[in-house]
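Take a look at the structure set out below.
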Amino acid sequence: MCFIANQDAKRDLWLSQLAEAGLMPTVYGNYFLQHPMFWNNPLHFRPAVATRAMGAVYARYQVALNIHAQVVREGTNMRSFECAGYGIPQLVERRPGLERLFDPDSEILMFSTVEECVAQFERLAGDARLAARLAENARRRVLAEHTYRQRATAMLQGLVAFN
Numbered sequence: 013m014c015f016i017a018n019q020d021a022k023r024d025l026w027l028s029q030l031a032e033a034g035l036m037p038t039v040y041g042n043y044f045l046q047h048p049m050f051w052n053n054p055l056h057f058r059p060a061v062a063t064r065a066m067g068a069v070y071a072r073y074q075v076a077l078n079i080h081a082q083v084v085r086e087g088t089n090m091r092s093f094e095c096a097g098y099g100i101p102q103l104v105e106r107r108p109g110l111e112r113l114f115d116p117d118s119e120i121l122m123f124s125t126v127e128e129c130v131a132q133f134e135r136l137a138g139d140a141r142l143a144a145r146l147a148e149n150a151r152r153r154v155l156a157e158h159t160y161r162q163r164a165t166a167m168l169q170g171l172v173a174f175n
């Protein structure tokens, strides 16, 4: 399982708890060489990757983890859409409104606790068909509803309707 992210205090807590539970993902980002957690688990941290290299990173893993930064209060971050586009099954931290963007259990698996994250990871790791189905469904949804063009069109239509 991989996690591409920038350091955040909330993410620090999640990663510490996942490590204690025996489910430490490989973390790509600014944790590398710069955070005390790196020095406790150096084999689980990699340098940040450029956006154009994300596909190659995700291709090496069975599952992508998405823990939202503190600032994400509702919905999700860009990573959920990127992972879906790359076709990797996702474990996404539950946030209000996330179900408006992705269908839980048919496009992504969500979690609210460390125990739930571990259980959902075990589901994905133990069921290749489920993982493939989630990845394909999420990819299909993103390409159908969540491209930049579609988002910009919806925003512009909202502005026109507002006037």
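Residue numbering for the sequence shown follows the working numbering, beginning at 13 and increasing consecutively. Beta carbons are placed, not taken as given, at the ideal position from N, Cα and C, and that holds for glycine.
Listed as beta-bridge partners of E105 by DSSP are F123. Taken atom to atom, the span from the alpha-carbon of M66 to that of P59 is near 12 Å. Residue E94 holds the alpha-carbon nearest to the alpha-carbon of L155 among E94, E86, L25 and D24. Judged by DSSP secondary structure, Y40 falls within the beta strand (DSSP E) whose first and last residues are T38 to Y40. Annotation: the continuous beta strand (DSSP E) that includes F15 extends over C14 to I16. DSSP lists I120 as the bridge partner or partners of P116. For N52, the uninterrupted alpha helix (DSSP H) segment begins and ends at P48 to N52. Collapsing the DSSP output to three states places R152 in a helix.
Comparing alpha carbon positions, the residue from L110, R23 and Y160 closest to G87 is L110. Between L30 and M36 the beta-carbon gap is near 6 Å, inside 8 Å, which marks them as a contact. Our two residues, Y73 and M13, have alpha carbons roughly 6 Å apart in a direct line.
Boundaries cannot be given for L55, as no beta strand (DSSP E) includes it and DSSP labels it neither H nor E. Going by C-alpha positions, E128 is about 12 Å away from L136. Counting the other CB atoms within 10 Å of its CB gives M167 a total below 16, which places it among the exposed residues.
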